[in-house]
Amino acid sequence: MSRIAGLRDRLGIAYGGDYNPEQWPDEVHEEDLRLMKEAGVSLVSVGIFSWASVEPRPGEYDFGWLDRVMDRLAGGGVAACLATMTASPPPWLTTRHPEMITVRADGSAISPGGRQHYCPSSPVYRSHAVRLAERIATRYADHPALAIWHVNNEYGNVIPCHCDVSAAAFRRWLADRYGSVEGLNDAWSTRFWAQGYSAFEEVLPPRSPAPFANPAHALDYARFTSDELLACYLAEKEVLTRVTPDVPVTTNFPPSLRPVDQWAWAPHVDVIGYDAYPDPLDADAVPKVAFSYDVMRSLRGGQPWLLMEQAPGAVNWRRRNAAKPRGAMRLWSWQAVAHGADAVMFFQWRQSRGGAEKFHSAMVPHGGPSTRIFGEVRELGRELAASRFLAGARAPRADVAMVLDWPSWWALEGQARPSAEVRFLDAAWSCHRPLYDAGVACDVVRPDADLSGYRLVVVPNLYLTSEEAGRGLTRYVEEGGTLVMSFFSGIVDPYDRVHLGGYPAPFRRMLGLAVEEFHPLAEDASVGLSLGSGTLWSEEVRLEGAEAVERFTTGALAGEPAVTRHRFGRGEAWYLATRPDPAAMRVLFDRVREAAGVGPVLPGLPDGVQARARETEEGRCYIVLNHGAAAVDVPLPTPMREELAGAGPAASVRLEPSGVAVLRPG
Numbered sequence: 001m002s003r004i005a006g007l008r009d010r011l012g013i014a015y016g017g018d019y020n021p022e023q024w025p026d027e028v029h030e031e032d033l034r035l036m037k038e039a040g041v042s043l044v045s046v047g048i049f050s051w052a053s054v055e056p057r058p059g060e061y062d063f064g065w066l067d068r069v070m071d072r073l074a075g076g077g078v079a080a081c082l083a084t085m086t087a088s089p090p091p092w093l094t095t096r097h098p099e100m101i102t103v104r105a106d107g108s109a110i111s112p113g114g115r116q117h118y119c120p121s122s123p124v125y126r127s128h129a130v131r132l133a134e135r136i137a138t139r140y141a142d143h144p145a146l147a148i149w150h151v152n153n154e155y156g157n158v159i160p161c162h163c164d165v166s167a168a169a170f171r172r173w174l175a176d177r178y179g180s181v182e183g184l185n186d187a188w189s190t191r192f193w194a195q196g197y198s199a200f201e202e203v204l205p206p207r208s209p210a211p212f213a214n215p216a217h218a219l220d221y222a223r224f225t226s227d228e229l230l231a232c233y234l235a236e237k238e239v240l241t242r243v244t245p246d247v248p249v250t251t252n253f254p255p256s257l258r259p260v261d262q263w264a265w266a267p268h269v270d271v272i273g274y275d276a277y278p279d280p281l282d283a284d285a286v287p288k289v290a291f292s293y294d295v296m297r298s299l300r301g302g303q304p305w306l307l308m309e310q311a312p313g314a315v316n317w318r319r320r321n322a323a324k325p326r327g328a329m330r331l332w333s334w335q336a337v338a339h340g341a342d343a344v345m346f347f348q349w350r351q352s353r354g355g356a357e358k359f360h361s362a363m364v365p366h367g368g369p370s371t372r373i374f375g376e377v378r379e380l381g382r383e384l385a386a387s388r389f390l391a392g393a394r395a396p397r398a399d400v401a402m403v404l405d406w407p408s409w410w411a412l413e414g415q416a417r418p419s420a421e422v423r424f425l426d427a428a429w430s431c432h433r434p435l436y437d438a439g440v441a442c443d444v445v446r447p448d449a450d451l452s453g454y455r456l457v458v459v460p461n462l463y464l465t466s467e468e469a470g471r472g473l474t475r476y477v478e479e480g481g482t483l484v485m486s487f488f489s490g491i492v493d494p495y496d497r498v499h500l501g502g503y504p505a506p507f508r509r510m511l512g513l514a515v516e517e518f519h520p521l522a523e524d525a526s527v528g529l530s531l532g533s534g535t536l537w538s539e540e541v542r543l544e545g546a547e548a549v550e551r552f553t554t555g556a557l558a559g560e561p562a563v564t565r566h567r568f569g570r571g572e573a574w575y576l577a578t579r580p581d582p583a584a585m586r587v588l589f590d591r592v593r594e595a596a597g598v599g600p601v602l603p604g605l606p607d608g609v610q611a612r613a614r615e616t617e618e619g620r621c622y623i624v625l626n627h628g629a630a631a632v633d634v635p636l637p638t639p640m641r642e643e644l645a646g647a648g649p650a651a652s653v654r655l656e657p658s659g660v661a662v663l664r665p666g
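In this text, residue positions in the sequence shown follow full-length UniProt numbering: the first is 1, and each later residue adds one.
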């Protein structure tokens, strides 16, 4: 049995949250266990920010309080996702070693007093972190509460360090990557602005150059930062797997997908963990987080993942921290399960009395267990406990794949681009939304992935691409696939150097066109299309075999192609030279996917209703969610049982607003 299979056999759909007992006296701990049992909690993350509590002075350890917590959890039937506690160094460590504190790009140091203020390249930090991880692993290796390890916390949710230690590590990283300073100079185009290096020792982090940083330099520093954080994780994981080879190891990716290259990280994480915080004030929060969940499910080839954090109500860190409407916490939790999650967890179990996050909601609010939030927490726990048959069930492979590449994302959003308003997530959301609204499932893939078997591949933006990845996408279309690519793609190589031969050189033959010039639009401006309007961007396109499906009807490019289609080999490639408005995008994507033979997960879904499938031992199950404001009747392809209501086989299911149905074969 694999480590992950053992975890799921033990927990089912894991349910719980971050547990911070060090903030509370022992008598509260007793109430915690009673309330956890009442709420159906099966897993808690313990000790994420406990370094100063277990090592209050250098080399002096106090595990007594944690021993008691772990024993209580085991006695109460609650498993522990035990942290290595290395996310925030204690004051004694930064006082003794101020050189390990993060330095901003402007040269100023972050002041301790917050969290995650360490330099990931610091040998002092790494040695103390590994030492602590080994002490914890050795002490709790055989503890019955231990179910999974939690390394650090939200890697990348920090300011990249630009200190001298990081500079030295960056030089070593560059030497490994390029082999010689001549290779570096070529990759970085250093003949521009007399930037040529004669030795690696001359290279500094991209601190605060004026007026612009070398874009290849900045891109490599983003790669380096991701790799250094990964090295910190791997150093701790090595200890954990050596001491406890049968216990799985994870870490939680932060809500922002951008900071670390998760394709590079995924092979080293036994199960993907993610923290999701959709904003209740954002009308598009639900489809946006659906994209994030598709990324998490796809990182390890469809393996179920863990929702490690979400808020049961309001958060504390936005300008306006709105409460979740009644029913939203339950609905959004089930949305994660629908997208492949095998855990639903919150930050945090009990709402803090003091500190920076005292107004961040919790499973047990300041008002205690008599509150509406705890009532909803308790009911959700009951539902998840009754749905353990879903644990380990994979989603069926989707017919649609969306391409995501982190270095391309970082390079796209660098300085000195045609428009600072072109951002990858906006592009991804705009292409994912019409699929989501049509009830179509979507996988997320690397640019060099094996695309055979996908009926439709969507490239929201691939500003940076290697020639190899370009050939792979071209081959996919040539062999019969359908591809949709949006603007400003195929522009530069992996070193942020322009592909010569006319934009977008790696894809010109496949797309049957050339882009003559970029025409970014003014703020809040739009251009007319016969379908509606285009926003943000426009391009002057010269057709080289493609046909114009849509043309600009207003603006400087009136009459020129705006959306094109090119029959290439046995397939076809579509190109968007602007961002059509949402209604127009839906019309276009419906046309493309229907021609490609791509249909919804369940046919006939009413507007605002989402359905996703998971494959269980007894067959395909569906999770159906009503995000709309009215009750609806959802037709089913065959009679199915609705598990949450305990209803027998039926040909349709009725969902109230914010309603959820879990359907099993009848």
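Ideal Cβ positions, reconstructed from N, Cα and C, are used throughout, including at glycine.
Owing to the predicted nature of the structure, the values given are computational and were not obtained by experimental measurement.
- Scanning its chain for C-beta atoms nearer than 7 Å, with the 5 sequence neighbours on each side dropped, one finds around arginine 542 the residues Leu513, Ala514, Glu516, in chain order.
- Cβ neighbours of isoleucine 48 within its own chain (closer than 8 Å, five residues either side excluded): Asp18, Asn20, Ala83, Met85, Ala87, His150, Asn153.
- The beta-carbon distance between tyrosine 293 and alanine 328, rounded to whole angstroms, is 16 Å. This is too long to meet the 8 Å contact definition.
- For proline 215, the enclosing alpha helix (DSSP H) starts and ends at 215-243.
- A Cβ-Cβ separation of about 23 Å leaves leucine 412 out of contact with tyrosine 454 under the 8 Å criterion.
- In the structure shown, the three-state DSSP call for glutamine 262 is helix.
- Between the C-alpha atoms of aspartate 142 and tyrosine 221 there is a straight-line separation of about 41 Å.
- Distance from the CA of valine 54 to the CA of alanine 629, rounded to the nearest whole angstrom, comes to 49 Å.
- When secondary structure is reduced to three states using DSSP, proline 649 falls in the strand class.
- Here lysine 237 is buried, its C-beta having at least 16 other C-beta atoms within 10 Å.
- In the structure shown, phenylalanine 424 falls within a helical segment according to DSSP collapsed to helix, strand and coil.
- Going by DSSP, histidine 128 is part of the alpha helix (DSSP H) stretching over 123-140.
- Apart from the 5 residues on each side of it in sequence, methionine 70 sits with its Cβ closer than 7 Å to the Cβ of Ala80, Tyr140, His143, Ala145 in its chain, given in chain order.
- Cβ contact annotation for valine 549 (same chain, cutoff 7 Å, sequence separation greater than five): Val563, Thr564, Arg565, in chain order.
- The residue among Ala341, Gly313, Glu383 with its C-alpha nearest the C-alpha of threonine 371 is Gly313.
- As computed with DSSP, proline 254 is found in no beta bridge at all.
- The Cβ-Cβ distance between arginine 394 and glutamate 615 falls below 8 Å.
- Nearest to aspartate 581 by C-alpha distance, out of Ala596, Val624, Leu536, is Leu536.
- Looking at Leu636, Met640, Val609, the one whose alpha-carbon comes closest to that of glutamate 656 is Val609.
- Shown here for serine 419: same chain residues with a beta carbon closer than 6 Å to its own, the five before and five after excluded, namely Pro520 in chain order.
- In the three-state DSSP reduction, glutamate 182 falls in the helix class (H, G or I).
- Under the three-state reduction of DSSP, leucine 43 is assigned to strand.
- Secondary structure within the segment 380-449: the beta strand (DSSP E) runs of 3 or more consecutive residues, fully enclosed, are 400-403, 442-445 (chain order).
- The count of Cβ pairs closer than 8 Å, one atom from the segment 170-185 and one from the segment 93-112, stays below three, leaving the stretches out of contact.
- C-alpha of histidine 217 to C-alpha of valine 203: approximately 9 Å in a straight line.
- In the DSSP assignment, valine 271 falls outside any alpha helix (DSSP H), carrying neither H nor E.
- Distance check between aspartate 590 and each of Asp633, Arg509, Val484, Gly545 places Val484 closest, using alpha-carbon atoms only.
- Per DSSP, glutamine 610 lies in no alpha helix (DSSP H) segment; the continuous beta strand (DSSP E) that holds it begins and ends at 609-616.
- The residue from Asp405, Gly156, Asp67 with its alpha-carbon nearest to that of arginine 115 is Gly156.
- Inclusion of glycine 392 and alanine 52 in the CB contact set at 8 Å is not warranted, their separation being larger than that value.
- Ranking Gly481, Phe507, Gly472, Gly75 by CA distance to the CA of phenylalanine 488 puts Phe507 first.
- When the Cα atoms are used, alanine 522 and glutamate 421 turn out to be separated by approximately 10 Å.
- For proline 635, the closest alpha carbon among the candidates Asp496, Leu605, Val260 is that of Leu605.
- One alpha carbon belongs to tyrosine 277, the other to arginine 8, and they sit about 24 Å apart.
- The continuous beta strand (DSSP E) containing valine 660 extends over residues 660-665.
- Here the alpha carbon of serine 45 sits roughly 51 Å from the alpha carbon of tryptophan 193.
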